[in-house]
Every structure is written in structure tokens, then in C-alpha cells.
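Single-structure report; data block below.
There are 2 protein chains.
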Amino acid sequence: MDRTMHLGMILLGAGSHVAGWRMPDAQFGSQNLPLLQRVVQKAEAGKLDFVFFADAVNTGLDAHPGMMLRFEPLTLLAALAMSTSRIGLVATVSTTYSEPYNIARAFASIDHLSQGRAGWNVVTGSSPDAAANFSRDKHPPHEERYAIAEEYVAIAKGLWDSWQEGALVGDKEKGVFVDPAKMHVLDHVGPHFSVKGPLNITRPPQGYPVIFQAGASDRGLDFAGATAEVVFAAQQIQEEALAFANKLRDKAEAAGRARDAVKVVCGVSPVIGRTEEEAKEIVAELASMMDTQAAMRVLSDRLGHDMNAFPLDEPVPDLPPSGMMQGHAIQLTSIARRKKMTLRQLRDYAAVSSGHRLLVGTAEQVADDLEDWFRSGAADGFAIMSTHLPGPAERFVDEVVPRLVERGLFRSDYTGSTLREHLGLPRPAHPAAATGRTMHISG
Amino acid sequence: MDRTMHLGMILLGAGSHVAGWRMPDAQFGSQNLPLLQRVVQKAEAGKLDFVFFADAVNTGLDAHPGMMLRFEPLTLLAALAMSTSRIGLVATVSTTYSEPYNIARAFASIDHLSQGRAGWNVVTGSSPDAAANFSRDKHPPHEERYAIAEEYVAIAKGLWDSWQEGALVGDKEKGVFVDPAKMHVLDHVGPHFSVKGPLNITRPPQGYPVIFQAGASDRGLDFAGATAEVVFAAQQIQEEALAFANKLRDKAEAAGRARDAVKVVCGVSPVIGRTEEEAKEIVAELASMMDTQAAMRVLSDRLGHDMNAFPLDEPVPDLPPSGMMQGHAIQLTSIARRKKMTLRQLRDYAAVSSGHRLLVGTAEQVADDLEDWFRSGAADGFAIMSTHLPGPAERFVDEVVPRLVERGLFRSDYTGSTLREHLGLPRPAHPAAATGRTMHISG
Ligand SMILES: Cc1cc2nc3c(=O)[nH]c(=O)nc-3n(C[C@H](O)[C@H](O)[C@H](O)COP(=O)(O)O)c2cc1C
Ligand SMILES: Cc1cc2nc3c(=O)[nH]c(=O)nc-3n(C[C@H](O)[C@H](O)[C@H](O)COP(=O)(O)O)c2cc1C
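Line order of the protein sequences matches chains P and E.
Counting along the first sequence from 1, when you hit position 143 you're at 143 in full-length UniProt numbering, and nothing is skipped either side.
Counting along the second sequence from 1, when you hit position 398 you're at 398 in full-length UniProt numbering, and nothing is skipped either side.
Here it is as C-alpha cells:
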């Protein structure tokens with residue numbers, strides 16, 4: 001097979017399962033650097049494209065225990081850049097509660113420190129509670145958040161272009177430190193931000209860090225189609241994933257990009273046993289330790305409605321869209337309807353995978369499933385979540401990855417050194433170099 | 001001698017001298033990770049208390065070539081935390097153009113990643129140009145900047161106290177992840193910020209990262225007296241430094257703190273030769289490569305006035321205070337007056353040391369000078385700047401530090417593991433633990 005799949009690992013604090021941290025072999029992940037180094041190095045040994053750290057700028061007190069406490073993602077990426085040499089390093093940063101100059105600068109810095117391995121998952125922030133941490137009355141509405149995000153990413157790109165390649169001359173003889181003709185002043189004035197520039201760091205090795213996105217609403221998809229290079233999908237059903245991927249490819253095309261300019265990466269949570277039985281026992285063991293209140297909070301958070309208001313043993317009710325997290329809500333309601341789940345069953349399903357697709361079986365079965373989704377075009381790759389750390393993450397690398405390599409579906413070694421190269425994404429040329437014309441240059 | 005001095009290294013991009021980067025043995029420092037790792041590891045081998053990275057959130061185009069381009073400091077500290085194990089890691093972050101939640105979080109993260117080695121140099125931002133990068137009409141006035149800074153640091157401390165020691169229980173048997181009684185909600189509402197909390201990371205290993213400050217105006221000194229644990233001074237004359245240090249100790253006392261709760265660290269820029277002659281030749285070599293325009297821009301920046309308006313070969317004019325960088329302005333005008341310098345002489349003086357005190361001589365002479373200042377009480381320690389990197393920084397560690405150790409003025413090995421321990425500063429107890437009373441606890 002010509003095309004090979006992309007694989008990343010989603011590292012969610014203590015694991016994706018609400019009770020994952022209680023497993024006998026579980027270690028606390030969120031503030032445990034040696035553990036994170038161990039798992040990330042394992043992912044690198046498996047030649048995975050990237051590791052990804054989700055984030056929120058509030059304490060998810062009411063939700064997942066593994067998401068309450070964690071390292072700040074930008075400093076974490078910088079630290080992990082020193083403990084690895086090839087794997088991509090991706091983190092979420094919201095565009096709602098920070099300044100584009102600061103974030104563009106931090107990502108440029110991480111891209112330099114890691115020699116071209118940074119990725120930015122652009123989110124607009126799914127928790128309205130964050131507003132109270134940032135001197136705001138309220139979380140901006142969905143539509144406005146995306147308008148801000150669009151402007152924000154455009155500014156970041158403009159700032160990353162501040163110094164064209166070759167701008168830093170450093171000619172000791174002639175005493176020329178920089179070439180001012182290669183310095184570009186952004187001078188952005190827009191509805192939400194005014195940012196002059198230039199940025200005080202040279203262009204990132206990748207041109208721009210890779211832009212990830214996970215929006216699932218129509219507005220989110222428009223943004224992704226125009227801007228994102230990797231999109232996280234949370235589809236649970238293959239034909240829905242295919243429809244989603246094609247819709248996204250259409251949007252990319254409509255925005256003047258190639259259909260394959262966006263890689264669709266589906267989140268999956270594999271639970272692997274030596275036999276299917278054993279895998280099911282692991283799920284049962286996790287379920288037995290589950291705090292059902294916490295699980296209901298996770299589900300309520302994903303659906304954007306307090307689900308305690310509904311009867312547990314009746315079918316999942318129809319819900320109006322909430323303006324938050326529409327993606328997960330659509331996917332979870334869809335699988336509940338298709339599989340005729342009760343609310344209790346959906347709660348337990350979502351508890352294992354944090355709302356992502358659950359795969360329970362042998363390594364061979366997991367590999368079969370990923371192959372099937374990949375060949376169908378429903379996914380360009382997968383983002384693997386682990387119920388807890390480090391065991392399940394290591395097991396995926398040890399048992400599933402070699403099967404995918406054997407089948408010619410995944411690389412046996414890195415062929416490039418940057419995240420863009422792993423993902424088969426082009427390095428964006430500097431606009432001035434690309435057009436050959438001179439941009440607005442400061443005097 | 002009982003009391004020993006504190007030593008840190010100031011790493012200013014390509015070096016403190018405007019022409020430092022042109023020296024034959026100079027390497028570009030600002031975006032050169034291997035070079036920074038080498039110098040920081042050397043400082044650690046010399047058992048220095050800390051390395052410090054200055055910062056600004058704009059491109060100092062008109063000023064120092066070595067300050068134009070640099071790593072973003074928080075990501076840089078996180079990376080260097082992985083390359084070192086004992087030395088303190090300090091960076092400047094302005095309180096004018098960022099959100100306290102984000103910065104408190106990043107510093108907590110660095111303190112965890114480095115196991116208690118983070119320090120924050122709180123500045124209000126000395127360049128008015130930064131405003132244009134942050135959707136602002138203008139740089140807030142001096143007084144308001146300090147009012148913001150005070151509120152900002154108080155919020156950061158409140159956020160660092162979100163989780164009292166022992167809050168993260170992680171009892172797998174009982175299924176208790178956190179102890180809610182040890183979680184504290186800040187609920188800050190003030191003139192500049194409203195920040196609810198709690199922070200989504202546990203209390204930093206040091207309680208709070210060490211608070212550095214470098215303000216020199218009366219307003220800056222009030223802030224430092226009440227809040228700072230280390231103060232950078234730029235005094236050029238010993239009796240002025242002593243007066244400054246005593247004034248600061250008075251202010252600390254007035255704020256209800258111990259006189260020695262604040263360590264005064266004087267910035268010095270040593271140029272070391274095997275003989276005094278050789279040291280002077282190095283200064284002359286640097287001067288010969290100096291871009292006099294750039295040097296005048298550095299001086300203008302330090303003085304807060306465009307000095308090109310004044311005659312070069314006449315005495316330095318009297319200038320009204322500018323609202324920017326009053327500290328450097330006062331010190332430089334003071335030494336100019338005392339040494340009866342012309343504007344040209346002051347320009348060349350400031351060019352070598354970036355406005356800090358210049359020491360030209362043998363390692364023995366440099367050690368003598370530092371000993372003298374230290375014994376007089378004018379300084380609790382010194383922050384060493386190098387004209388360029390890595391030679392002069394390494395020479396200081398190899399030649400001056402052993403002399404200070406021999407004289408009993410500096411440690412021969414680390415006795416503690418955190419920056420607080422190196423500096424002899426107490427670890428702030430959690431307010432709830434300190435008073436024994438229960439704080440405002442979220443329901
Ligand atoms: C794999 C995956 C990872 C996500 N990571 C984050 C995250 O780290 N932080 C966040 O606020 N939202 C995250 N989301 C949520 C999305 O950003 C988005 O808010 C959600 O999918 C709803 O889409 P919409 O905003 O277009 O309605 C993630 C979603 C998926 C599928
Ligand atoms: C050693 C030293 C380091 C400094 N580092 C910075 C810095 O990194 N960023 C900055 O904006 N100002 C820096 N300053 C300037 C001070 O923060 C402060 O603005 C200046 O001393 C003027 O004092 P004032 O603000 O009280 O008028 C530094 C000053 C000294 C002496």
C-alpha cells in the first residue's frame with residue numbers, strides 16, 4: 001500500500017478512563033514527568049508521528065479526575081523536546097484566553113527548541129468556567145469564539161513570518177547582524193486584535209508549527225477546512241467518519257486547498273487483551289472501580305447537558321445542541337441511537353474512552369479495525385488514548401504497531417525529522433519568498 | 001566569614017556588549033540552545049545560585065543587536081530544567097501584557113519540572129513599543145503599571161495556594177483522588193483583574209517560585225520592599241549601592257518583613273585579562289568593533305531620552321525623569337557626573353555593560369572588588385553579565401569563582417536543591433497551614 005497511516009498518542013492526565021488511575025498498574029500521569037518521558041519515549045520508539053496533550057484553562061473539578069491537575073502544556077512540550085529527538089510534540093492552546101503575540105512566540109520557541117517538531121491544537125475552549133479565571137463576565141458565544149480563532153491564527157502566521165529565512169546574517173566582519181529587508185512588520189488591525197510585530201524570534205524551522213484542530217460543528221469545520229492541517233475526529237461509526245472526512249475534504253477544496261491538505265485523525269481508545277475475553281475483563285475491572293457520579297459528569301460535560309436530570313434505564317433522550325462541545329455530543333448521541341443504548345449504557349461507554357471510540361479486543365483485532373477504517377478513507381490516521389498509563393500505551397506500541405508495520409500500513413522508521421515530514425505536509429514557504437515580491441517592510 | 005555571597009549569571013542574548021557578537025570567539029547566544037546549555041552547565045559546575053534571562057515582549061530593533069531575537073523565556077527555562085539538576089532558573093515576565101492565570105500556571109509548571117528551581121523576575125515592561133503587539137493604544141503609565149504588578153503577583157500567589165500540600169491523595173483503594181478540603185478557591189475581584197481559580201496544577205515545590213524584581217524608582221522600591229525576595233540593582237558606585245540596599249531593607253522592614261528578607265544582587269560586567277593591560281585591550285577591541293549608532297541607541301534606551309540630540313563631547317546633560325527605566329537612568333547619570341564623563345564617554349561605558357557596572361582587570365582584581373562590595377553590605381551578591389558568550393562567562397567561573405571560594409565568600413558545593421535553598425530564603429508555608437484555620441473552601 002502506497003499511503004500509510006498516521007499515528008499519534010493522546011496523553012490525558014492519568015488516562016482516559018475515569019477510573020483508570022485506580023488500576024493496580026496505573027501511575028498518575030498529569031504531573032509526573034518521568035512517567036510522561038517514559039511513555040513519550042516509547043511512542044518515539046514505535047515511530048509514532050506525535051504525542052498530544054489536551055488542555056483547558058480551568059480545573060475540570062466536575063469532570064474527569066485525570067484532568068484536574070496537569071503541567072502547563074507549552075512548558076511541558078519544551079521539556080519533552082529535550083527528552084526526545086524525532087517525535088512530534090503537540091499541545092492544545094485556546095485562542096480565547098491568551099494573546100496571539102505570546103502564543104505565537106512560545107510555539108516558535110518550541111519549534112526551535114525541538115528542531116521542527118511542534119504542533120498546535122487550536123481550540124476555542126470548551127468550558128465556560130474558564131471565563132472566570134480571565135477577568136471576563138462570560139465565555140464568548142460559539143460563533144464569536146471561532147471568529148476570534150480565525151483572526152488569531154492569521155496573526156500568529158503573520159508573526160511567524162516576521163523574519164524571512166536568511167534575515168539573521170551575523171556577519172562579524174562587516175558588522176551586519178540582521179538584514180532589515182528580510183524583516184517584515186505585520187501591522188495587523190482587525191475586529192478583535194491589533195498586533196504590530198515583528199516577533200522577536202526567527203521563523204520556526206517548520207515555517208509554521210503544524211496546525212491541529214478538533215472542532216466538529218459546522219462553524220468548526222469551516223475553520224478546519226480553511227486552516228487546519230490535522231483534524232481530530234471523534235466519530236464512533238465508520239460511515240459517519242467517512243462522511244465527516246469527506247465533508248472536511250470538500251471544505252478544504254472550497255477554501256482553495258488540496259483535498260489531502262487536511263489529515264483526519266480519529267481518536268480511539270483501545271483496550272487490548274491476549275484474548276477478546278481478557279480485554280472485556282479489563283473493561284469490567286475498570287467499570288467496577290468507576291465513580292458513577294464522575295462518569296455522569298464526564299458524559300454531561302461531553303453532551304453539554306446535566307444528564308442527571310434523565311432516567312438512567314431509559315433510552316438516551318434527544319437533546320438540543322448546547323453551544324459547547326457539539327462534536328462529542330453528536331457522536332455520542334449517534335452511537336447511542338444506533339446501538340439503542342440506555343443512558344446508563346452510554347454513561348459507561350463514555351467513561352472508558354472519555355467520549356472517543358472504544359476498541360476492545362486482541363492486538364490483532366485492534367489492528368484489523370484500524371486497517372479497515374484507514375482503507376475505507378474514514379481516517380488518515382488515529383490518535384490513541386489509553387485508559388491508564390503506562391501499561392496500555394506501551395502495549396499498543398509493542399503489540400499493535402508491529403502488526404501495522406508488517407501489513408505495510410505504518411512506517412518501520414522515521415524518514416524525516418520534523419513533524420511536518422512525518423505527516424507528509426509541505427513546509428509553508430515564506431509569503432515574500434513564495435511570491436518573489438517584496439512585502440511591507442519597516443523603514 | 002559566616003555570610004556568603006550569592007552569584008547568578010545574566011544571559012543576554014549574544015552578550016552584554018553591543019559589539020560582543022563580533023568577537024572572534026563569540027557565538028550567537030539568543031537562539032542557540034547548545035550554547036546556552038553549555039554556559040548554564042558551566043554556571044552549575046561553578047555552583048552558582050541561578051542563571052537569569054532578561055526579556056521584552058517586542059523586538060528591540062533600535063537597541064541592542066543581541067536582544068532582538070531570542071527564545072521565549074518560559075519555554076527556554078523548561079528546556080534548561082532538563083539539561084541541569086541544581087542551578088536556579090530565572091526569567092523575566094512582564095505583568096503588563098499577559099494574564100495572571102496563564103503566567104502563574106506556567107511558573108508552577110516550571111517549578112515542578114525543575115523540582116523547585118524557578119524564579120520570576122517581575123517587570124512592568126520597560127518598552128512602550130510593546131503595547132502595539134497587544135491590541136493596546138498605549139503603554140500604561142508607570143504608576144498604573146506597578147499597581148497592576150502588585151495585584152498580579154498577589155493573584156499568582158493565591159493561585160499557587162489553590163492546592164494545599166496533601167490535596168492530591170490518589171488513594172486507589174478508597175477511590176479518593178483529591179481531598180476537597182485542601183482545595184482553595186481564590187475568588188479574587190480587584191481593580192484590574194477578577195480571577196476565580198483554583199489553578200489546575202498543585203502547589204509549586206518551592207511554595208512560590210522565588211520573586212525577583214529590578215525596579216529602581218521609588219514606586220518600584222515600594223513594590224520590591226513589600227514583595228521581592230531578590231532585587232537586581234544597577235548601581236555603579238559603592239556608597240550609592242549601599243544606600244540603595246539600606247533603603248530597600250528599610251522598605252522591607254516597613255512592610256513587616258525581616259531586613260534580610262530581600263537579597264540585593266548587583267549587576268556587574270567583568271572583563272577579565274591575565275593582566276590589567278590585557279583586560280583593557282579586550283575592552284578596546286570590543287570598542288573598535290562597536291556600531292556607535294547602536295551604542296547611542298542603547299544609551300538612549302537606558303536614559304529614556306534620544307541622546308542624539310545632545311553634543312557628543314560635552315558633559316552629559318541633566319535630564320528630566322522619563323517614566324521608563326528610571327533606575328538605569330539615575331545610575332548612569334550619577335556615574336557620569338561623578339567621573340565627569342562626556343556623552344561620548346558615557347555612550348562607550350554603557351555599550352560595554354549594557355548599563356551595568358563595568359569591572360576591567362585580572363580575576364584577582366575582580367574578586368577583590370566583589371569582596372569589597374559584599375563586605376561593605378552594598379550587595380548580597382552579584383549578577384554577572386558577559387560581554388559575549390561563551391568565553392567570558394566560562395572565564396568568570398574558572399578564574400573568579402575559585403578565588404571567592406578560597407576566601408570563604410562563596411560555597412564550594414550546593415548544600416540545598418531548590419533555588420530558595422541556594423538563596424537562603426524560607427519556603428512560604430501555605431496560608432491555611434500557617435494559620436491553622438480553614439480558608440474559603442469551594443463547596
Ligand atoms: C481528539 C480531541 C481532542 C480535543 N482536545 C481538546 C482540548 O484539548 N481542549 C479543548 O478545549 N477542547 C478539545 N476538544 C474539543 C474540541 O476543541 C471542540 O470544542 C469540540 O470538538 C466541539 O466542536 P465545536 O467547538 O466545533 O462545537 C477535543 C476534541 C477532540 C475530538
Ligand atoms: C539586572 C536588571 C535586569 C533587568 N531585566 C529586565 C528585563 O528583563 N525586562 C525589562 O523589561 N526590564 C528589566 N529591567 C528593568 C527594570 O525592570 C526596571 O524597569 C528598571 O530598573 C526601571 O525601574 P522602574 O521601573 O522602577 O522605573 C532590569 C533591570 C536590571 C537592573
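By construction, the Cβ of each residue, glycine as well, lies at the ideal position given by its N, Cα and C atoms.
None of the values given here were measured: they were computed from a predicted structure.
Answer with buried or exposed for residue i, where buried requires no fewer than 16 other C-beta atoms within 10 angstroms of its C-beta.
i                     : result
H440 (chain P)        : Low confidence applies to H440 (chain P): its pLDDT is 39, below 50, so where it sits in the model is not reliable, and the reading given next is rough at best. Looking at its Cβ environment, which holds fewer than 16 other Cβ atoms inside 10 Å, H440 (chain P) is exposed.
L312 (chain P)        : exposed
P180 (chain E)        : exposed
V123 (chain E)        : buried
A429 (chain P)        : exposed
A254 (chain E)        : exposed
residue 464 (chain P) : One cannot answer for residue 464 (chain P) here, as it falls past the ends of chain P, which runs 1 to 443.
residue 525 (chain P) : Coverage of chain P is limited to positions 1 through 443, which leaves residue 525 (chain P) absent and any answer about it impossible.
F310 (chain E)        : exposed
K174 (chain P)        : exposed
L275 (chain P)        : In the sequence under discussion, the amino acid at residue 275 (chain P) is Thr, which differs from the Leu named in the question. Its Cβ having fewer than 16 others within 10 Å, T275 (chain P) is exposed.
L319 (chain E)        : exposed
T415 (chain E)        : exposed
G443 (chain E)        : With a pLDDT of 28 at G443 (chain E), under the threshold of 50, the modelled position of that residue is not reliable, and the figure given next carries that caveat. Exposed.
V169 (chain E)        : exposed
A284 (chain P)        : exposed
P100 (chain E)        : buried
N308 (chain E)        : exposed
Does DSSP put residue i in a helix, in a strand, or in coil?
i              : result
K340 (chain E) : coil
I330 (chain P) : helix
D77 (chain E)  : This sequence places Leu at residue 77 (chain E); Asp is not what is there. It is helical.
R357 (chain E) : strand
A255 (chain E) : coil
N121 (chain E) : strand
P315 (chain E) : strand
L186 (chain P) : coil
Q213 (chain E) : strand
H422 (chain E) : helix
H388 (chain E) : coil
D171 (chain P) : strand
K263 (chain P) : strand
I10 (chain E)  : strand
A56 (chain P)  : coil
T84 (chain P)  : coil
Going along chain E, which residues have a C-beta under 9 Å from residue i?
i              : result
T418 (chain P) : None at all; the shortest Cβ gap to chain E is about 16 Å.
H195 (chain P) : It should be noted that the sequence gives Val, not His, for residue 195 (chain P). In chain order: A132, N133, F134, S135.
N246 (chain P) : Under the 9 Å cutoff, chain E gives no residues; its nearest Cβ is about 37 Å from N246 (chain P).
Residues of chain P with CB under 9 Å from residue i, in chain order?
i             : result
F52 (chain E) : Per Cβ cutoff of 9 Å: no residues; F52 (chain E) is ~17 Å from chain P at best.
Find the residues of chain B that neighbour residue i, judging by a C-beta separation of less than 9 Å, and give them in chain order.
i             : result
W21 (chain E) : Among the protein chains in the structure shown, which are P and E, there is no chain B.
Residue i versus chain P: which residues are under 7 Å apart at the beta carbon?
i             : result
M82 (chain E) : A79, M82, S83
I10 (chain E) : Correct list: empty, because the minimum Cβ distance to chain P is about 18 Å.
L33 (chain E) : L113
F28 (chain E) : G170
Residues of chain E with CB closer than 8 Å to the CB of residue i, please, in chain order.
i             : result
P58 (chain P) : According to the sequence displayed, residue 58 (chain P) carries Asn and not Pro. Ordered by position in chain E, the residues that pass the 8 Å Cβ test against N58 (chain P) are N200.
Using Cβ-Cβ distances below 7 Å, what residues of the stretch 273-292 of chain E are close to chain P?
-> M289, D291
Proximal residues, the stretch 97-113 of chain P versus chain E, C-beta separation under 8 Å | Y97, S98, E99, Y101, N102, R105, A106, A108, S109, I110, H112, L113
Near-chain E residues of the stretch 132-148 of chain P (beta-carbon distance less than 7 Å), N- to C-terminal order | A132, N133, F134, S135
Give a yes or no on contact between the stretch 372-390 of chain P and the stretch 253-269 of chain P, applying the rule of three or more CB pairs nearer than 8 Å.
-> yes
At least 3 beta-carbon pairs within less than 8 Å: the stretch 24-39 of chain P vs the stretch 58-74 of chain P | yes
Contacting positions in the stretch 64-75 of chain E - beta carbon closer than 9 Å to chain P = P65, G66, M67, M68, L69, R70, F71, E72, P73, L74, T75
Report yes or no: do three or more beta-carbon pairs, one from the stretch 213-226 of chain P and one from the stretch 141-148 of chain P, lie closer than 8 Å?
-> yes
Taking a Cβ distance cut-off of 9 Å, strictly less, list which residues of the stretch 199-218 of chain P are near chain E, in chain order.
-> L199, N200, I201, T202
Can we say the stretch 395-408 of chain P touches the stretch 238-254 of chain P, given the rule of at least three CB pairs closer than 8 Å?
-> no
With a cut-off of 8 Å, do at least 3 Cβ pairs link the stretch 128-139 of chain P to the stretch 194-210 of chain E?
-> yes
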